[in-house]
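Q:
Chains as they are written, first to last, in this note's numbering: chain A, 13 to 458; chain B, 13 to 458.
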């Protein structure tokens, strides 16, 4: 009898795992249980679906259950796993359409239950018109609300990258947007000096940004009408609640699958959990941060896909390793590209590094080329050794892939001296002859 | 008495050297002799000046002799160095404006005489209306010709990146452009399969591309009227002759400064020549290629600026090293970005590597984002070890800085396995969740 692999969760990590396991092993039974009505969707596209740039939610689907079936992968949507038994190796599953429950046996289990939107106990959080954004159903609900209610005033709670992407999405519908944020800056993974550039862009775009305004309550009769934050009342007929993502570890905890120091599922470099034959991957799991050498919880689609592949390979009898992350991320905030990799200055200090940093402003193209725009580069490095610890970039063009050069530098463990030596590409339409990265490294090396 | 540094040539390498020497050493006399009428210009901008995107030639100047004078650097334009005496440590100089000749003494000498356009003995090459493109005077002459003659038919001889940038520049003036190239492909530093993509773009843009058409003669009465190439006669009222650049080593050779195997001036990692107290940098000099471990001649502004800094530091009593190059370059060819780093497949074979390669086509943005365009990535690696040897990329967006990640990989000496591990940035407007680089590396690793 062939081995049976069950994958719990069918988004980035889960479907990468299932597909890779199938390619590795033609004989294995592979079954995926996904609670939502969709598998294999690009959740990072939700803001652009809501904005209206992407016409249909189906456009975000990479492959449907029918397409997976042709590869010999049974992907069941609207199926919630209720319990994992790691002794008899089974899962208890509920078909959310019929209410029927059943038990399924596994030889190998991959846990990709993802993340859930953090929802602190704030009065009124369950009013209509308040949305989080994790599933296609969430995105569809926001778009329906936009069509049916035609909101005039939107409040975004939380100025992380999803919040700011949603600010852009709502503004595109002519909604007057207020962003309320508990912290004194937007994008807490960026340093305040770089976040300031993002804040200026939000102001230029007419967004009402309210920093140091923790949300206290939502008010309304059935439907949200006001947001109370920092003692001020903001009118709102739509609210996007995006204060962060937590690993969805309930099933893992109940099954005795160990969590790590971040609160996400602990995994080794093979994506193995502490329970034999159980792997975890994606937003439910930790990842080794190569700069700190410690586990980190940075839930991103890129990591989920890579970890899923590794888990799938290993569950199918192969031997793959996930090398780790360096914390690279980019977001579009209106006309700005905002990117980071490694540690922020604050994170580096918190890790005990003796931190130095430089920040430069250069040009995205040769100074004489029309259309050149400022590009801001910050390098964070260890005083003395000059080991690169992190980098941040903000600009209207040339940021999104330029940050990846510094991500590579972190993988290599380079110093700012090493970075200054790089033979980077140059042509007047694309860069100055001294690339902004090299300018920053040269300043760091002075 | 203070030491005297003479720099021969005042463009990228020369002025970087002079400026760096001044920052290192406040006391040194620093004198630059430049044959053309300009110093410190961005010659890579000439095609865009000729195209009309840049209004004035002065826009290409980084700093004028007057500005250098304020830093205590004497920069003399229209001054040609005729001879270097390395025994008595002098140079013989002619003031091209007055015809006056004089001798100047140096303690330290930096040779940055640059490159010259290759000019094989082709009948009619001296006809009016045939231009090479090395100096601001060349660029001004082309622009005057465009204004005065209003050419209808242009022939570009040589399909390297300057030739193709000039094809775009002439086409922008409504000129019907023919490109004649001796080789069976454009851009000989790209592999034929990637060059094919560029050839298709030239066709789309209405450029008449004539491969395997070596130029045999230029014909006309005083002024060019026809180009004969590969037995065919092409009408032309303007010709851009761009068949390559050679190091301008005449002064060096006469002075007993040794050349390397490439025919350019041999330098060590301090930009020292074989003659004490004489450094060389930029398009006149070789550079260590980090992939082959051998000297190479790849004249580019990026290398010239870096080498100039190193030469300037060392001539001023400091201790700087130029690490070497990996052969990174990018060019805009109409709507395409065309980039390369490391060795091409052919170059790698010529170097004796057992070469493997993969080529993939991916999307420049998430598949569901409007405006995504194909991006073609080729990785060249050593069979067996999977050591990365080179990479090439062609696409309408997202190429110019993405190639730099692979340049960094070459600096690091990574394999395609290492490349596949990179934590690269992702957001739907800027990349697919599997970056094209990772897709290519994953295919290479299968």
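For every residue, glycine included, the Cβ atom is placed at its ideal position computed from N, Cα and C.
To the nearest whole angstrom, what separates the beta carbons of residue 24 of chain B and residue 256 of chain B, a pair I think is in contact under 8 Å?
A: Your numbering for residue 24 of chain B matches position 12 in the second chain. Your numbering for residue 256 of chain B matches position 244 in the second chain. Not really, about 18 Å apart at Cβ, beyond 8 Å.
Q: Output yes if chain A places a C-beta closer than 8 Å to the C-beta of residue 414 of chain B; else output no.
A: Position 402 of the second chain holds residue 414 of chain B. Answer yes: the Cβ-Cβ gap between residue 414 of chain B and chain A drops below 8 Å somewhere.
Q: Quick one: which chain A residues come within Cβ less than 8 Å of residue 349 of chain B?
A: Position 337 of the second chain, counted from the first residue, corresponds to residue 349 of chain B. Chain A residues near residue 349 of chain B: 442.
Q: By a C-beta neighbour count over all protein chains shown, 10 Å radius and 16 as the cutoff for buried, is residue 46 of chain B buried or exposed?
A: Residue numbering aside, residue 46 of chain B sits at position 34 when the second chain is read from its first letter. Residue 46 of chain B should be labelled buried.
Q: If contact means a Cβ-Cβ distance below 8 Å, which residues of the stretch 335 to 362 of chain A contact chain B?
A: Here the close residues are 335, 336, 337, 338, 339, 340, 341, 342, 343, 344, 349, 351 and 353.
Q: Tell me whether residue 225 of chain A sits in a helix, a strand or coil according to DSSP, three-state version.
A: Looking up residue 225 of chain A in the first chain gives position 213. Looking at residue 225 of chain A - three-state DSSP - the assignment turns out to be coil, as it is neither helix nor strand.
Q: Assuming residue 327 of chain B and residue 274 of chain B are in contact, meaning their beta carbons sit under 8 Å apart, how far apart are those beta carbons, in whole angstroms?
A: Taking the first residue of the second chain as position 1, residue 327 of chain B is located at position 315. Taking the first residue of the second chain as position 1, residue 274 of chain B is located at position 262. Not a contact, Cβ separation roughly 23 Å.
Q: Return yes when the Cβ of residue 57 of chain B is within less than 8 Å of the Cβ of residue 440 of chain A, no when it is not.
A: In the first chain, residue 440 of chain A corresponds to position 428, counting from 1. In the second chain, residue 57 of chain B corresponds to position 45, counting from 1. Contact flag set, yes.
Q: If we cut at 8 Å on Cβ distances, does residue 400 of chain A have a partner in chain B?
A: Taking the first chain and counting its residues from 1, the one referred to as residue 400 of chain A is at position 388. Cβ-Cβ to chain B under 8 Å: no for residue 400 of chain A.
Q: Looking at the unbroken alpha helix (DSSP H) that takes in residue 41 of chain B, where does it start and where does it end?
A: Within the second chain, residue 41 of chain B is the residue found at index 29, counting from 1. No alpha helix (DSSP H) holds residue 41 of chain B; the beta strand (DSSP E) holding it covers 41 to 45.
Q: So, at 6 Å on beta carbons, what are the nonlocal neighbours of residue 286 of chain B in its own chain, with the 5 sequence-adjacent residues on each side left out?
A: As a working note, residue 286 of chain B is residue 274 in the second chain. Here the set comprises 270.
Q: Would you grab the beta carbon distance between residue 254 of chain A and residue 174 of chain A for me? Rounded to a whole angstrom, and I think it's under 8 Å.
A: The residue labelled residue 254 of chain A in the question sits at position 242 within the first chain. The residue labelled residue 174 of chain A in the question sits at position 162 within the first chain. Right, the Cβ-Cβ distance comes to about 5 Å (below 8 Å), so this counts as a contact.
Q: Using a Cβ cut-off of 8 Å, pull out every chain B residue sitting near residue 66 of chain A, in sequence order please.
A: Within the first chain, numbered from 1, the residue matching residue 66 of chain A stands at position 54. Ordered by position in chain B, the residues that pass the 8 Å Cβ test against residue 66 of chain A are 380, 381 and 382.
Q: Using Cβ-Cβ distances below 9 Å, what residues of the stretch 301 to 329 of chain B are close to chain A?
A: The stretch 301 to 329 of chain B vs chain A, Cβ under 9 Å: 302, 312, 313, 314, 315, 316, 317, 318 and 321.
Q: For residue 444 of chain B versus residue 377 of chain B, is the C-beta distance shorter than 8 Å?
A: Counted from its first residue, the second chain places residue 444 of chain B at position 432. Counted from its first residue, the second chain places residue 377 of chain B at position 365. Yes. Within cutoff.
Q: Please confirm whether residue 229 of chain B and residue 136 of chain B have their CB atoms less than 8 Å apart.
A: If you number the second chain from 1, residue 229 of chain B lands on position 217. If you number the second chain from 1, residue 136 of chain B lands on position 124. Contact: yes.
Q: Could you pull out every residue in the same chain whose Cβ sits closer than 6 Å to the Cβ of residue 313 of chain A, ignoring the five residues on either side in sequence?
A: Position 301 of the first chain, counted from the first residue, corresponds to residue 313 of chain A. Result list for residue 313 of chain A: 24 and 56, in chain order.
Q: So, using beta-carbon positions, are residue 177 of chain A and residue 59 of chain A closer together than 8 Å?
A: Taking the first residue of the first chain as position 1, residue 177 of chain A is located at position 165. Taking the first residue of the first chain as position 1, residue 59 of chain A is located at position 47. Closer than 8 Å, so yes.
Q: Going by the beta-carbon positions, is the gap between residue 20 of chain A and residue 86 of chain A smaller than 8 Å?
A: Sequence index remark: in the first chain, residue 20 of chain A carries index 8 (1-based). Sequence index remark: in the first chain, residue 86 of chain A carries index 74 (1-based). Cβ distance not < 8 Å, so residue 20 of chain A and residue 86 of chain A don't count as in contact.
Q: Tell me whether residue 258 of chain B sits in a helix, a strand or coil according to DSSP, three-state version.
A: Here residue 258 of chain B is taken as the residue at index 246 of the second chain, counted from 1. Of the three classes helix, strand and coil, the one that applies to residue 258 of chain B here is strand, per DSSP.
Q: Run through chain A and tell me which residues come within less than 7 Å of residue 72 of chain B, C-beta to C-beta.
A: Your numbering for residue 72 of chain B matches position 60 in the second chain. By Cβ distance, chain A contributes 380.
Q: Tell me, please, whether the CB atom of residue 60 of chain B is closer than 8 Å to any CB atom in chain A?
A: Against the second chain, residue 60 of chain B aligns to sequence position 48. At least one chain A Cβ lies under 8 Å of residue 60 of chain B.
Q: Cβ-heavy atom distance between residue 237 of chain A and the ligand FMN below 7 Å?
A: Although the ligand FMN was asked about, the structure shown includes no ligands whatsoever.
Q: Which residue spans inside the stretch 76 to 117 of chain B form an unbroken alpha helix (DSSP H) run of at least 4?
A: The qualifying runs are 77 to 82.
Q: Beta-carbon separation of residue 36 of chain B and residue 15 of chain B under 8 Å?
A: As a working mapping, residue 36 of chain B is identified with position 24 in the second chain. As a working mapping, residue 15 of chain B is identified with position 3 in the second chain. No, the pair does not count as a contact, with Cβ atoms beyond the cut-off.
Q: Identify, in the order they occur along the chain, each residue of the same chain with its Cβ nearer than 7 Å to the Cβ of residue 164 of chain B, setting aside the five sequence neighbours on each side.
A: Along the second chain, one-based indexing puts residue 164 of chain B at 152. Correct list, in chain order: 187, 188 and 249.
Q: State whether the stretch 231 to 238 of chain B contacts the stretch 198 to 207 of chain B, with contact taken as three or more CB pairs (one from each stretch) at a distance under 8 Å.
A: With a cut-off of 8 Å, the stretch 198 to 207 of chain B and the stretch 231 to 238 of chain B do not count as touching, because too few Cβ pairs lie within range.
Q: Which of the three DSSP states, helix, strand or coil, is assigned to residue 414 of chain B?
A: As a position in the second chain, residue 414 of chain B is number 402, starting the count at 1. It is helical.
Q: Taking the Cβ atom as the reference point for each residue, do residue 221 of chain A and residue 214 of chain A lie within a distance shorter than 8 Å?
A: In the first chain, counting from the first residue as 1, residue 221 of chain A sits at position 209. In the first chain, counting from the first residue as 1, residue 214 of chain A sits at position 202. Closer than 8 Å, so yes.
Q: Residue 65 of chain B and residue 77 of chain A: beta carbons closer than 8 Å?
A: Residue numbering aside, residue 65 of chain B sits at position 53 when the second chain is read from its first letter. Residue numbering aside, residue 77 of chain A sits at position 65 when the first chain is read from its first letter. Not a contact, by the Cβ cut-off of 8 Å.
Q: With DSSP collapsed to three states, give me the class of residue 307 of chain B.
A: By one-based count along the second chain, residue 307 of chain B stands at place 295. Looking at residue 307 of chain B - three-state DSSP - the assignment turns out to be strand.
Q: Indicate the three-state DSSP secondary structure (helix, strand or coil) for residue 405 of chain B in the structure shown.
A: On the second chain, position 393 is the one that residue 405 of chain B refers to. Three-state DSSP puts residue 405 of chain B in a strand.
Q: Which full runs of the beta strand (DSSP E) of 3+ residues lie inside the stretch 182 to 217 of chain B, going along the chain?
A: Qualifying beta strand (DSSP E) stretches, in chain order: 188 to 192.
Q: From the DSSP output, which residues share a beta bridge with residue 60 of chain A?
A: Here the question's residue 60 of chain A lines up with position 48 in the first chain. Residue 60 of chain A is not bridged to any residue.
Q: Between which two residues does the beta strand (DSSP E) containing residue 353 of chain B stretch?
A: Residue 353 of chain B sits at position 341 when you count from the first residue of the second chain. From DSSP, the beta strand (DSSP E) with residue 353 of chain B extends over 348 to 354.
Q: Quick one: Cα of residue 13 of chain B to Cα of residue 279 of chain B, how far?
A: Indexing the second chain from 1 puts residue 13 of chain B at position 1. Indexing the second chain from 1 puts residue 279 of chain B at position 267. So the alpha carbons of these two residues sit roughly 29 Å apart.
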